[in-house]
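These notes concern the structure reproduced below.
Chains as they are written, first to last, in the working numbering: chain A, 4 to 312; chain B, 520 to 1139.
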């Protein structure tokens, strides 16, 4: 009887959730967070995102020398009267930023709840973007049918449910290289801002090109690598035949337990390479596990890294 | 040097081919789906993974299987590390079981025989397939314990059955036994395991190679080597006990004399090598006594069997002599001697048996006696070859070393009776009948002797009354010699302790079965001879033997009393005809079979492989 009651309570709680992707309490905490883009890859339209300098708001930011072609309306005449040199007043500008969340839904992401975690993070970051009055776009590549699906750009709380439903409907299973999906997404996307790339990056594709495509499109890359527990700390032993779920290729490994140290070295090296690729393009990198707590990732890891504030 | 008994087993190495094929066909790999092989391919391509050690580990199971197979194939090939006996196909092992082989080592406590058994057993244990051994034990005589066999159990049982015999050793008998075996089943070499305590000179033509393995000597030894008694005047016995030792320095000891189980005398002695000690005890001869001498020394004594000796001391009675009343000259000569009881006549009633009978009457031939002198009587058995006639004869030749004829001169003696050989007969015919001629006449024998086991019968074919012999000075001398012989044969003059080997008993009920019991309790039935004797009874061990018959039970004790055995001396070489065989102290290095060890190792390898194979594969 108690089991049945527990199950009933759980179902009723799920029914009260706005989306299975994010618990309500997480949603409420996300409402208070904003994305912190370190570069000014912003759209020209006004938004709620406060740019560092050169804005047109009423909030003073700085002075600079006047240059030919500057709008004469921003010359500080008081200074000019005093110093006999023209200085331009700069104001903080509240700009609208594009937040592009790209989810890799390839077959490899189906392991150990990586795609689910990617969808949850995409939902979380999307919510932060929507509630921050950013232009949020969602892109899912390498999905089951191989097509690239896109949502947005959209903004405002009104699109939150739309975003949730979009993500809930994502089914993984594709097997194309990462850069292909990104390239196809960017054909339909315009606008500068932040691109959050959620993937395991375990691809034979050219990751450098993928990063370049995003960077070239004016998007600051936030690369989030999601790995399963078995990928982060494999426990293989003996003679095994590894089967690549994306390609179907096999690889015979003998005395696998003796290779684990080498595997860990390569995994760490791979992560370093990803991080350097992201940093070289003004981006950031974080590696999370599919078994890591969602709350820890959103409210601890991302905040400590300065992605959310 | 290493070798193989079954090289054909190497052909099984071909099984490696199907093993390798099956390994790769049936390699048990758990399929494990992974998100991507990106990282794993890089790992596999890493140089460290492809290092020789990692390559080895990659196919560890296959290598273990191949190692196991190689081990099994090697075990099937029956490898061995060759020993000294690697070329021997058939070999008898002669094991010395004489008394000296009972000498115990001071440190290990093992007897020489146990050591010999160990060496023989190591050869048996390492017996190659097809090779055969035979076990022969020898002491005074050789005994074949087994024929040639490969059966290790039979050989081991034979070794177990071998026991010490408290007698000397006769290596020649063992070699002759081996020679006889070689006639039926040829072999090249013989192994002799002995402590070397035997005569070095052996009259034997060696037809095979002899490997003389001398066992290391035991510690020092002391023992009684002689125990006898001489009759002394006054009806007493002087008992002599001689002791010897192998100790380099004088070792104090004590010899105790027990009379019918009671300690009667003891003497302290100091024993040393090459310094024989003799102790004399004086005992009254009024009764028969059973004597036992025991020697104990301060220090180690490796041989126990020579530390005691037994002696049955008879009553020191007068010699009972029957002399036919008509033989006046003989009676006259004997009457001058003391210690004689002459029948019939001066000593009461006639005795049932005598120590000496001197008669010229055929009716008195049946008198029971030990020694006898028959005068003028031709034995019935000899009558076909010798006949008496009258005509006169002289002694032409005689055995001057004969006990009867010592200090005698027969040249001038004339006999009226003339013994003459029947035509075609001669000395050889008499010898064939058991008669020895000690005095020869011109045409036939004058004096014959017959060894009757218990004593000697002398036949003087010519009657003394018809000869000049009684008038010669030699006559009383001959009578004195005869009495001396009778004394000895009646054991009244000197008594010797019985030695192990063979025993002879007399004065038994003729033709009647007697039960002969050895010290170990084994009893067998023996039938006394027609003259009431049992001769040649085997007495291989020291101790008391019992003979039970209609006349009651007689106990006799046999002692070792062998200076050679007590000395524990050893012959460093055997001097054979035209050949000398050096002794070797180093035991034969037996062949070491490796099949068992290799098979065990292969089994362990396969067990390890099985464990690895069944270890939880894949994710652990």
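Virtual Cβ for every residue (Gly too), placed ideally from N, Cα, C.
- Interface annotation for the stretch 232-258 of chain A against chain B: 233, 234, 237, 238, 239, 240, 241, 242, 243, 244, 245, 246, 247, 248, 249, 250, 252, 253, 254, 255, 256, 257 and 258, criterion Cβ-Cβ distance under 9 angstroms.
- For residue 671 (chain B), not one C-beta of chain A is nearer than 8 angstroms to its own C-beta.
- Under the three-state reduction of DSSP output, residue 713 (chain B) falls in the strand class.
- Straight-line spacing of the CA atoms in residue 207 (chain A) and residue 285 (chain A) works out to 24 angstroms.
- Rounded to whole angstroms, residue 906 (chain B) and residue 897 (chain B) show a C-alpha spacing of 8 angstroms.
- Comparing C-alpha distances from residue 674 (chain B) to each of B:646, B:805, B:682 and B:1111 shows the shortest one belongs to B:646.
- Closer than 9 angstroms at the C-beta level to chain B, one finds these residues of the stretch 98-131 of chain A: 109, 110, 111, 112, 113, 114, 115 and 117.
- Secondary structure of residue 101 (chain A) (DSSP, three-state): strand.
- Residue state for residue 91 (chain A) is assigned as strand, using DSSP reduced to three classes.
- For residue 32 (chain A), the three-state secondary structure derived from DSSP is helix.
- The three-state reading of DSSP puts residue 274 (chain A) in helix, counting H, G and I together.
- Excluding residues up to 5 positions away in sequence, 707, 708 and 709 lie with their Cβ nearer than 8 angstroms to the Cβ of residue 728 (chain B) in the same chain.
- Under the 8 angstroms Cβ criterion, the stretch 805-814 of chain B counts as touching the stretch 825-835 of chain B, having at least three qualifying pairs.
- In the DSSP assignment, residue 561 (chain B) falls within the unbroken alpha helix (DSSP H) covering 557-564.
- By the criterion of at least three beta-carbon pairs nearer than 8 angstroms, the stretch 623-632 of chain B is not in contact with the stretch 661-669 of chain B.
- Chain B places no beta carbon closer than 8 angstroms to that of residue 280 (chain A), leaving this residue out of the contacts.
- In this model, residue 959 (chain B) and residue 917 (chain B) are separated by some 6 angstroms (Cα to Cα).
- Taken through DSSP and simplified to helix, strand or coil, residue 597 (chain B) comes out as coil.
- Taking all protein chains in view, the Cβ of residue 162 (chain A) is crowded by 16 or more other Cβ atoms within 10 Å, so the residue is classified as buried.
- With contacts defined by Cβ atoms closer than 8 angstroms, residue 964 (chain B) and residue 952 (chain B) do not form a contacting pair.
- Just measuring C-alpha positions, the residue of A:189, A:195 and A:28 sitting nearest residue 212 (chain A) is A:189.
- Per the C-alpha coordinates, the member of B:655, B:614 and B:530 positioned closest to residue 595 (chain B) is B:530.
- For residue 940 (chain B), the enclosing beta strand (DSSP E) covers residues 933-940.
- Pairing residue 588 (chain B) with residue 642 (chain B) gives a Cβ-Cβ distance that is not under 8 angstroms.
- Rounded to whole angstroms, the gap between the alpha carbons of residue 1093 (chain B) and residue 858 (chain B) is 51 angstroms.
- In the structure shown, residue 706 (chain B) adopts coil according to DSSP, grouped into three states.
- Shown here, residue 821 (chain B) sits in coil according to DSSP, grouped into three states, outside any helix or strand.
- Closest in alpha carbon position to residue 996 (chain B), among B:921, B:676, B:771 and B:1110, is B:921.
- In the three-state DSSP reduction, residue 162 (chain A) falls in the helix class (H, G or I).
- The C-beta distance from residue 657 (chain B) to residue 693 (chain B) rounds to 4 angstroms, short enough to meet the 8 angstroms contact threshold.
- Under the three-state reduction of DSSP, residue 637 (chain B) is assigned to helix.
- Following the DSSP letters along the chain, one finds residue 759 (chain B) inside the beta strand (DSSP E) bounded by residues 755-764.
- Counting the other CB atoms within 10 Å of its CB gives residue 76 (chain A) a total below 16, which places it among the exposed residues.
- In the DSSP annotation of this structure, residue 69 (chain A) is not part of any beta strand (DSSP E), being labelled neither H nor E.
- Per DSSP, the continuous beta strand (DSSP E) segment holding residue 808 (chain B) begins and ends at 808-816.
- Across the stretch 201-218 of chain A, CB contacts with chain B closer than 8 angstroms involve 203, 205, 206 and 207, in sequence order along the chain.
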